[in-house]
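Shown next, in C-alpha cells, is the structure this report addresses.
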Amino acid sequence: MRLVKIVSIITLCTLASACSWFGGDKELPDIPEQQLYDEAISALERSEYQVAVDKLQLLEARYPFGRYSEQAQLELIYAYHNNYEPDAASAAADRFIRLHPSHENIDYAYYLKGLTAFEQDRTFFEKYLPIDITQRDPGAALASFESFSTLLNRYPDSQYAPDAQKRMVFLKNRLATYEVHVARYYMKRGAFVAAANRGRFVVENLKETPAVPDALAVMFQAYTELGMTDLANSAQEVLLSNYPDYDLKTYRQENKSLMETATFGLLGGAEEPVPPTRAINPKAAEAAKEKAKQERSFFDKITFGVFE
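Just so you know, the sequence shown maps onto residues -23 to -1, 1 to 285 in mature numbering (1 follows the signal peptide of the UniProt record, and there is no 0).
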C-alpha cells in the first residue's frame, strides 16, 4: 500500500512538470525598461516593424508609468502605421490623444492618424494601375480629412501642417469628384432631386475644386428635368459665367429596349439615321416600306414577333 502511494506521488509530480518540459507556461525574463525601449527603437530603424510592435507593447505592459511610457505610445502608432495595421494605428492614436490631450507632440498623433487613413484608401493595385479611386466609398478619405483639419485648426504652426494641408487639397478634390459621380448615377436613375442636392453640396461646400463645373451642370440638368426653370437658368448662368468654355448639354434619359438591356447593348439598340445621298422618289419609298413589312427578319421569326 505504501509503495502504491509513493508511485502515485511520483506520477503526479511528473505530470505537473510535463508542461514545462514541452514548452508550456514560460515566464518572460525581466528586461529593464531602458533595454526594451532601445531594442524597440533599433527595430524601427531596421524597418522590423512587427518586432518593434512586440517590444513596445511589452514595454507598455511592464512599465505603464515608466519614463518611456508616453514616448512608447507615440512610437507604437508609427510602428502600427508602417506595419500596415491601419485600425490598430488609428486606435493607438485615439488612445494617446485621449490620455495626453496637452502633450507637446499631440500634433504628431493627429498627423499619423490622418496619414494612416489617407494611405488606407490607396491599395497596392491603385498605386501602380490606372484605377479611378474617386468612384469608391470615401469613408477613409473623410476620416483622413477630418484628422488633418483638426491638426490645422488646433496647431496651425505645427511642422506637419504644410504636408497635411497639401493632402487636404487632394482629399477635397477627391470627395468633390465622388459627389459628382453619385449625382450622375442619380440622373441615370431618374432621381433628379437627389442629383440636384448632390450637385448643390459640391458648389456650396467644396468650392475651388475641379468638380464644381460638373456639379453646376448636374444642377442645371436636374432642375430642367424637374421643371424648375428659374433654378435651372440660375445654375446655367453661374456655370457659363465662370466657365465659358464648358460644353453644356441638356440631359436626356436613355430609353433602352428590353433586348438592348438584356444583351448589354449588343442587340436592339437604335441606329442613327443615315442621311440620303440623292433625291428619293416618294412612290418608290412607299413601295419599299410595303415590301419591308412583308419580309420578316430572321430574328422576328425565331421570337414569334415579340420584339419586332
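Note that CB positions come from ideal geometry on N, CA and C, so glycine has one too.
Small disclaimer: the values here were computed from a predicted structure and weren't measured.
For residue i, three-class secondary structure by DSSP
i: TYR42; result: Residue identity differs from the one stated: residue 42 is Phe in this sequence, not Tyr. Residue state, collapsed to three classes: coil.
i: SER126; result: helix
i: ALA20; result: helix
i: HIS80; result: coil
i: GLU47; result: helix
i: ILE74; result: helix
i: ILE8; result: coil
i: TYR57; result: helix
i: SER135; result: coil
i: ASP224; result: coil
i: PRO63; result: helix
i: GLU25; result: coil
Chain-order list of residues whose beta-carbon lies under 6 Å from that of residue i (same chain, five-residue window excluded)
i: residue 310; result: This structure gives no information on residue 310, because the portion of the chain shown stretches from -23 to 285.
i: ALA172; result: ALA160, TYR163, MET164, VAL195 and ALA199
i: PHE73; result: GLN50 and ALA86
i: LEU208; result: TYR200
i: TYR57; result: ALA65, ALA66 and ALA69
Same chain, Cβ closer than 7 Å to residue i, five either side skipped, listed in chain order
i: LYS90; result: SER67, ALA70 and SER124
i: ASN60; result: TYR26, GLN27 and VAL30
i: LEU216; result: PRO190, LEU193, ALA194, PHE197, TYR223 and LEU225
i: TYR85; result: LEU51 and TYR137
i: LEU129; result: ALA138, ALA141 and GLN142
i: TYR14; result: LEU36, TYR45 and ALA49
i: ALA20; result: VAL28, ALA29 and LYS32
i: ALA212; result: LEU193, MET196, PHE197 and TYR200
i: GLU62; result: none
Own chain residues within Cβ distance below 8 Å of residue i, not counting five before or after
i: GLU37; result: SER46, ALA49, GLN50 and LEU53
i: LYS149; result: PHE122, LEU183 and THR186
i: TYR40; result: GLU10, LEU13 and SER46
i: ASN82; result: LEU51
i: ALA153; result: VAL179, LEU183, THR186, PRO187, ALA188, VAL189 and ALA192
Checklist entry - So does the segment 162 to 172 actually touch the segment 133 to 151, counting three or more Cβ pairs closer than 8 Å? => result no
Checklist entry - Along the chain, which unbroken stretches of the alpha helix (DSSP H) at least 4 residues long are found entirely within the segment 143 to 203? => result Whole alpha helix (DSSP H) segments, 4+ residues: 169 to 182 and 189 to 203.
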